[in-house]
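Everything in the sequence shown is counted per our numbering, starting at 1 for the first residue and increasing by one. Ideal placement from N, C-alpha and C gives every residue a C-beta, glycine not left out. Working notes, structure below.
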Amino acid sequence: MLVYIHVPFCRTRCRYCAFHSIPLGRGVEAAGSPVVRDYVDTLLLELAHWGDRFGGSEVQSVFFGGGTPSLLPPRIVGIVLERLARYFRLAPKAEITLEANPESLRGRDSVPRYLSAGVNRLSIGIQSLDETMLRTLGRPHKAQDSLHVAFAAREAGCANISVDLMWGLPGQSVRQWLQTLKDVARMEPNHISAYGLTLEPGTPLELDCEEGRLTLPPERDQNIMFMEGAAFLEERGYLHYEISNFARMGFQCRHNMGYWEGADYLGLGPSATSTMLGRRWTNPASQQAWHARTRQGSLDQEAEKLTPRLRVLELIMLRLRTARGLRLKAYRELTGRDFLRDHQRLIQALHENGLIRIRHGYLRLTRSGMLVSNSILANLFERTENALKQPLPPGTSPLPASLTAEDGPEVQAVVWPSA
Ligand code: SF4
């Protein structure tokens, strides 16, 4: 089982962010803030509650995400981990990640103290090494802070460092993005997450773009950023193991791999989602409501049962994000149906356009396919929903030889066959 701990506090609010977070303001110490103290008390209460329900389960990974978890002092992170180990069995080599923003780790000894508290993986929110881009995004740190933190983490003995980056930013050129990757590769992180910017409705950045004060790079440039960026990182020894994630051998994020492979996860903190034993629930986003429901012990009172339909759609969506892809047998195990037969015409079109590969019983997106993954998934979902309404066909169709060929033509555009 995986444990996710949502820490909802940030120094300030980034201009592109639509996550649930509470800005503490510059200069406010988290340790002295009443809202943070109330959060920690409620978190420990929530841990005790789930400890009673699921106690003794083995925990493979713990992920402090946010928000800005590195605003929590190391001492508090240590207490949370110690409590967690009291109720659950922490696996001997459990991955324990702390998301950290560069400005919150400026203090000389903060990284060693987090490591002493039990953290063994740092995920640093660099986003960009270009000062203009950082200002556009409204990030509260400077490029220099990122370089300093990466160096300090390495010096402190952190053996598993990940960095988060963003591409497709307003005013960003392909050359600038590739330069960012070169600079980051020199820092030698073990893992790199590179997300294309999504303009979230209602955010200041979206408004700026909507009203013409900022302009996103043309779509063609964004495609080149993804394709050339991924190729560059692979040349530098990073496996492209998920649409937006790259890792040195053995450093794939075990927590996220768990999500993509359908492991149970317990989410603690406001707005955190849990999926345990076939049920799913989400904590209230407001700290007050989360606090009240935790005290009542009623956090999962509105839990939904995962229906077979939802399980199949999630199987397709999550597995196709990964380089390994969807195990065709897993679809059959869940539905009793043949995936290739259910989606024959679409699969044929995707294959002919170089967007998927089928090999050794797995169907995966090629890099060109990853670029249009949203569109492919939407088409697969629609067809899967329709297929599940049909009676099971007798027998299964053999794989056409053309679908299992090792290589296929690379074509930029695909014409979706009608459903
Ligand atoms: S640090 Fe992360 S969670 Fe906080 S405001 Fe910025 S993007 Fe949002």
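beta-carbon Arg13 near the ligand SF4 non-hydrogen atom, thresh 7 Å: yes
Excluding the 5 residues flanking Leu43 on each side, which residues of the same chain have their C-beta closer than 8 Å to its C-beta? Ile5, Val80, Leu268, Gly269
Rounded separation between Leu299 and Leu47 - CA only: 12 Å
Residues bridged to Val62 by DSSP? Val3, Ile96
Per DSSP, which residues does Lys305 bridge with? Please list them. Arg279
DSSP state of Asn245, grouped into three classes? strand
Under the three-state reduction of DSSP, which class applies to Asp130: helix, strand or coil? coil
According to the Cβ coordinates, are Leu2 and Ala263 closer than 8 Å? yes
Cα-Cα separation, Cys14 to Gly66: 13 Å
Ala153: which of Val372, Pro140, Arg324, Val119 sits nearest, CA to CA? Val119
Cβ of Thr68 within 7 Å of any heavy atom in the ligand SF4? yes
Pairs of beta-carbons, one from the segment 375–391 and one from the segment 227–245, closer than 8 Å: are there three or more? no
Nearest-angstrom Cα separation, counted from Glu234 out to Pro398: Annotation note: pLDDT 44 at Pro398 (below 50); position unreliable, coordinate value reported separately. Cα to Cα, the separation comes out at about 35 Å.
Using the Cβ count rule (16 or more neighbours within 10 Å means buried), how would you classify Trp312? Note that residue 312 corresponds to Val in the displayed sequence, not to Trp. Buried: at least 16 other Cβ atoms inside 10 Å.
Less than 8 Å between the C-beta atoms of Arg11 and Ser123, yes or no? no
Grab me the residues of Gln412's own chain with a C-beta within less than 6 Å of its C-beta, minus the 5 sequence neighbours each way, in chain order. Reliability of the predicted coordinates at Gln412 is poor, the pLDDT of 38 falling under 50, and no value is obtained from them.
Could you give the DSSP three-state label for Cys10: helix, strand or coil? strand
Distance between Ala231 and Arg280 (C-alpha atoms, nearest Å): 37 Å
Following the continuous alpha helix (DSSP H) through Leu388, name the residue where it begins and the one where it ends. 373–389
Which listed residue (Pro8, Phe339, Asn160, Val149) has its alpha carbon closest to that of Leu425: Outside the shown range of the chain, which is 1 to 419, sits residue 425, and nothing can be said about it.
Terminal residues of the continuous beta strand (DSSP E) containing Val119? Neither: Val119 is in no beta strand (DSSP E) and is coded neither H nor E.
Applying the criterion that 16 or more other CB atoms from any shown protein chain within 10 Å of the CB defines a buried residue, is Leu277 buried or exposed? exposed
Nearest CA to the CA of Pro189: which residue from Tyr259, Arg75, Leu165, Arg135? Leu165
Bridge partners - Thr273, DSSP secondary structure assignment: Thr282
On the three-state DSSP scale, how would you describe His49? helix
State yes or no: is the C-beta of Ile22 within less than 8 Å of the C-beta of Pro8? yes
Please go through the segment 197–221 and give each complete alpha helix (DSSP H) segment of 4 or more residues, from N-terminal end onward. 204–210
I need the straight-line Cα distance from Leu380 to Arg113, nearest angstrom please. 47 Å
Test item: CB-CB of Leu371 and Phe226 under 8 Å: yes
In whole angstroms, give me the CA-to-CA distance for Gly354 and Arg341. 19 Å
CB Gly258 to CB Ser61, shorter than 8 Å? yes
Per DSSP, Trp167 forms a beta bridge with which residues? Gly196
If the criterion is Cβ atoms closer than 8 Å, does the pair Ala117 and Gly78 meet it? yes
Distance CB(Gly56)-CB(Phe88) smaller than 8 Å: yes
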